[in-house]
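**Q** Read in order, the letters of the sequence shown correspond to residues 86 to 415 in our numbering. Note that CB positions come from ideal geometry on N, CA and C, so glycine has one too. A single structure is presented below for examination.
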Amino acid sequence: MRSKTIPYALAASVAFAVAAANPVLAEEATTAEQTINVMNKLFGTHPGKRANHAKGVVAEGSFTPSAEATRLSKASLFQGPAVPVTIRFSDATGVPTIADGAANANPHGMSLKFKLVDGSDMDVVLNSLAYFPVATGEEFRDLLKAVSESGPDAKKPTALENFVATHPAAATAGATAKSPSSLARQTYNGVNAFVFVDRDGKRQPYRFRFVPVQGEEILSPEEAGKREPDYLMAEIGPRVAKEPAKFRVLAQLAEAGDPTNDATKPWPDSRKTVDLGTLTVTKAVPNSAEVEKSLLFMPNALTDGIEVSDDPLIDARVQAYAVSFGRRSQ
Ligand code: HEM
Numbered sequence: 086m087r088s089k090t091i092p093y094a095l096a097a098s099v100a101f102a103v104a105a106a107n108p109v110l111a112e113e114a115t116t117a118e119q120t121i122n123v124m125n126k127l128f129g130t131h132p133g134k135r136a137n138h139a140k141g142v143v144a145e146g147s148f149t150p151s152a153e154a155t156r157l158s159k160a161s162l163f164q165g166p167a168v169p170v171t172i173r174f175s176d177a178t179g180v181p182t183i184a185d186g187a188a189n190a191n192p193h194g195m196s197l198k199f200k201l202v203d204g205s206d207m208d209v210v211l212n213s214l215a216y217f218p219v220a221t222g223e224e225f226r227d228l229l230k231a232v233s234e235s236g237p238d239a240k241k242p243t244a245l246e247n248f249v250a251t252h253p254a255a256a257t258a259g260a261t262a263k264s265p266s267s268l269a270r271q272t273y274n275g276v277n278a279f280v281f282v283d284r285d286g287k288r289q290p291y292r293f294r295f296v297p298v299q300g301e302e303i304l305s306p307e308e309a310g311k312r313e314p315d316y317l318m319a320e321i322g323p324r325v326a327k328e329p330a331k332f333r334v335l336a337q338l339a340e341a342g343d344p345t346n347d348a349t350k351p352w353p354d355s356r357k358t359v360d361l362g363t364l365t366v367t368k369a370v371p372n373s374a375e376v377e378k379s380l381l382f383m384p385n386a387l388t389d390g391i392e393v394s395d396d397p398l399i400d401a402r403v404q405a406y407a408v409s410f411g412r413r414s415q
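So this is what it looks like as structure tokens:
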């Protein structure tokens with residue numbers, strides 16, 4: 086029951102919270118620093134590892150744009166030809182040894198670094214949630230803090246129960262992310278809204294959706310729990326060596342009035358979805374553990390023709406990723 090109502094890998098967090106002694110947040114710390122402090126308390130501190138999405142595998146591939154993408158955005162990414170992409174798939178939580186099939190390994194992540202023709206990079210950072218449990222960085226910090234204070238011995242109502250009572254998406258978002266049979270058989274979502282700008286300056290808010298061409302294949306929690314601890318990370322390399330894994334890169338387009346500043350609110354499924362092109366994953370890198378150390382994916386690392394929206398979560402993420410990168414690089 087609990088894992089259904091606890092978002093963003095928080096069921097595991099509750100377990101880790103038992104070991105976490107009453108987190109004290111330094112008054113002078115930024116929201117991002119406070120967030121990373123709570124993550125470290127929940128998941129432990131693991132030198133050189135990410136504060137969240139610590140377990141991952143790095144792969145290589147390419148992106149081929151569609152003709153329709155060119156009309157929506159002037160970004161060089163969409164003008165062709167195909168560009169190389171570095172991809173990192175990951176499990177949620179800051180626990181580098183988490184079992185891939187654990188409920189708390191959801192939402193799985195997919196991060197992409199597109200190598201643009203002008204020599205710059207563009208990043209896209211996705212996960213398998215349909216929508217986020219909270220709308221702001223402060224709320225996310227507060228949610229993690231509530232989890233850390235809501236171990237099995239906590240008095241009822243727990244801090245987490247109180248938080249969920251006033252943040253409805255926090256009760257439901259987690260259940261939208263499920264364990265796949267393969268990292269190549271899961272849909273990954275942008276969650277946050279971004280904005281396309283075309284050659285005439287026309288702006289179109291959208292959300293990314295990367296859909297496996299072979300279709301999604303989801304396991305039951307029982308089935309996922311029985312798989313080998315590394316069944317996802319170990320499978321992707323051999324799979325793509327045999328046959329590249331393809332994803333359709335889609336953009337769900339907002340209509341006037343759709344909120345762009347609230348990642349807890351998915352837009353209706355009836356919104357138009359445009360095919361931007363195809364991502365092809367061709368190989369896992371042989372030295373993934375080493376390569377991932379210097380990789381930093383930033384949700385605001387974009388390119389002319391693609392901009393951030395007014396979603397406050399994007400900057401909250403940028404700040405938190407920078408703090409995490411700073412600590413894991415020491
Ligand atoms: C306020 C909200 C959020 C916070 C504070 C947060 C925090 C973090 C942190 C600290 C990391 C480790 C970064 C690093 O060391 O490089 C991380 C990684 C990641 N996050 Fe978030 N996150 C948030 C929201 C999201 C959302 C909305 C998504 C997906 C749409 C997402 C997907 C990911 C992924 C895929 C990674 C792994 C990045 C990699 O492969 O290097 N996060 N997050």
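(1) Hey, would you say the C-beta of T345 is under 7 Å away from at least one heavy atom of ligand 1?
(2) Let me know if R288 comes out buried or exposed under the rule of 16 or more other beta-carbons within 10 Å of its beta-carbon.
(3) Taking 6 Å as the limit between beta carbons, can you name the residues of its chain near S32, skipping five residues before and five after?
(4) So does L211 have its beta carbon nearer than 7 Å to some heavy atom of ligand 1?
(5) Determine whether the beta carbon atoms of F281 and S161 lie at a separation below 8 Å.
(6) Quick check on DSSP: helix, strand or coil for D396?
(7) Give me, in chain order, the residues of the same chain whose beta-carbon lies closer than 7 Å to that of A326; leave out the 5 immediate sequence neighbours on both sides.
(8) Is A139 helix, strand or coil when you go by DSSP?
(9) For E124, collect the residues of the same chain with a Cβ closer than 7 Å to its Cβ; drop the 5 residues on either side in sequence, then sort them by chain order.
(10) Taking the alpha-carbon positions, what's the E375 to A254 distance?
(11) Any heavy atom of ligand 1 closer than 7 Å to the beta-carbon of I418?
(12) Given a threshold of 16 other Cβ atoms within 10 Å of its Cβ, counted over all protein chains shown, does D203 qualify as buried or as exposed?
(13) Please report the distance separating the alpha-carbon of V168 from that of Y291.
(14) Just the C-alpha distance for R324 and K241, rounded to the nearest angstrom, thanks.
(15) May I ask you to report which of helix, strand or coil DSSP gives N122?
(16) Please name the residue in A405, F128 and P166 whose C-alpha comes closest to that of A152.
(17) Taking Q299 as the reference, which of G259, A114, L364 and F225 has the closest Cα?
(18) Between S373, A184 and A256, which has its C-alpha nearest E308's C-alpha?
(19) For T251, is the classification buried or exposed, using 16 other Cβ atoms within 10 angstroms of its Cβ as the cut-off for buried?
(20) For a test of the three-state rule: what should DSSP assign to K134, helix, strand or coil?
(21) Straight-line CA distance for A330 to T345?
(22) So, helix, strand or coil for V232, using DSSP?
(23) So is D208 buried or exposed if we call it buried at 16+ other beta carbons inside 10 Å?
**A** Well, looking at it:
(1) As a first step, residue 345 must be located in the sequence shown, where it is residue number 260. Using a cutoff of 7 Å, the CB of T345 does not count as near ligand 1, since none of the ligand's heavy atoms is closer than that.
(2) Here residue 288 refers to the residue found at position 203 of the sequence shown. Burial check for R288: the Cβ neighbour count within 10 Å stays below 16, so the residue is exposed.
(3) No answer is possible for residue 32: the residues shown for the chain start at 86 and end at 415.
(4) Residue numbering aside, residue 211 sits at position 126 when the sequence shown is read from its first letter. Indeed, a heavy atom of ligand 1 lies less than 7 Å from the Cβ.
(5) What you label residue 281 is simply residue 196 of the sequence shown in a count that begins at 1. What you label residue 161 is simply residue 76 of the sequence shown in a count that begins at 1. Taking 8 Å as the Cβ cut-off, F281 and S161 do not qualify as a contacting pair.
(6) Locating residue 396 in the sequence shown gives position 311, where the first residue counts as 1. Three-state result, D396: coil.
(7) Indexing the sequence shown from 1 puts residue 326 at position 241. Cβ-Cβ distances below 7 Å link A326 to K368 in the same chain, with the five nearest sequence neighbours on each side left out; the list follows chain order.
(8) Counting from one through the sequence shown, the residue named residue 139 turns up at place 54. Reduced to three states, the DSSP call for A139 is coil.
(9) As a working note, residue 124 is residue 39 in the sequence shown. According to the sequence shown, residue 124 is Met rather than Glu. The answer, listed in chain order, is A136, N137, G179 and L229.
(10) For this step, residue 375 is matched to residue 290 along the sequence shown. For this step, residue 254 is matched to residue 169 along the sequence shown. One C-alpha to the other measures close to 37 Å.
(11) Nothing in the structure corresponds to residue 418, since the chain is present only between 86 and 415.
(12) What you label residue 203 is simply residue 118 of the sequence shown in a count that begins at 1. D203 should be labelled exposed.
(13) For the purposes of this step, residue 168 is taken as residue 83 along the sequence shown, with counting starting at 1. For the purposes of this step, residue 291 is taken as residue 206 along the sequence shown, with counting starting at 1. V168 and Y291: Cα-Cα distance of roughly 22 Å.
(14) For the purposes of this step, residue 324 is identified with residue 239 of the sequence shown, where counting begins at 1. For the purposes of this step, residue 241 is identified with residue 156 of the sequence shown, where counting begins at 1. Straight-line Cα distance between these residues: approximately 47 Å.
(15) Here residue 122 is taken as the residue at index 37 of the sequence shown, counted from 1. Here N122 carries a helix assignment [DSSP, helix/strand/coil].
(16) In the sequence shown, the residue the question calls residue 152 occupies position 67. For the options A405, F128 and P166, the alpha carbon positioned closest to that of A152 is the one of P166.
(17) By 1-based counting over the sequence shown, the position of residue 299 is 214. Q299 has its Cα closest to that of L364, out of G259, A114, L364 and F225.
(18) Here the question's residue 308 lines up with position 223 in the sequence shown. Closest by alpha carbon: A184.
(19) Position 166 of the sequence shown, counted from the first residue, corresponds to residue 251. T251 counts as exposed, since fewer than 16 other C-beta atoms from the protein chains shown sit within 10 angstroms of its C-beta.
(20) On the sequence shown, residue 134 is found 49 positions in, with the first residue counted as 1. Of the three classes helix, strand and coil, the one that applies to K134 here is coil, per DSSP.
(21) Stepping through the sequence shown from its first residue, residue 330 is reached at position 245. Stepping through the sequence shown from its first residue, residue 345 is reached at position 260. Rounded to the nearest whole angstrom, the CA to CA distance from A330 to T345 is 31 Å.
(22) Taking the sequence shown and counting its residues from 1, one reaches residue 232 at position 147. In the structure shown, V232 sits in a helix (DSSP, three-state: H, G or I).
(23) Counted from its first residue, the sequence shown places residue 208 at position 123. When all chains shown are included, D208 counts as buried.
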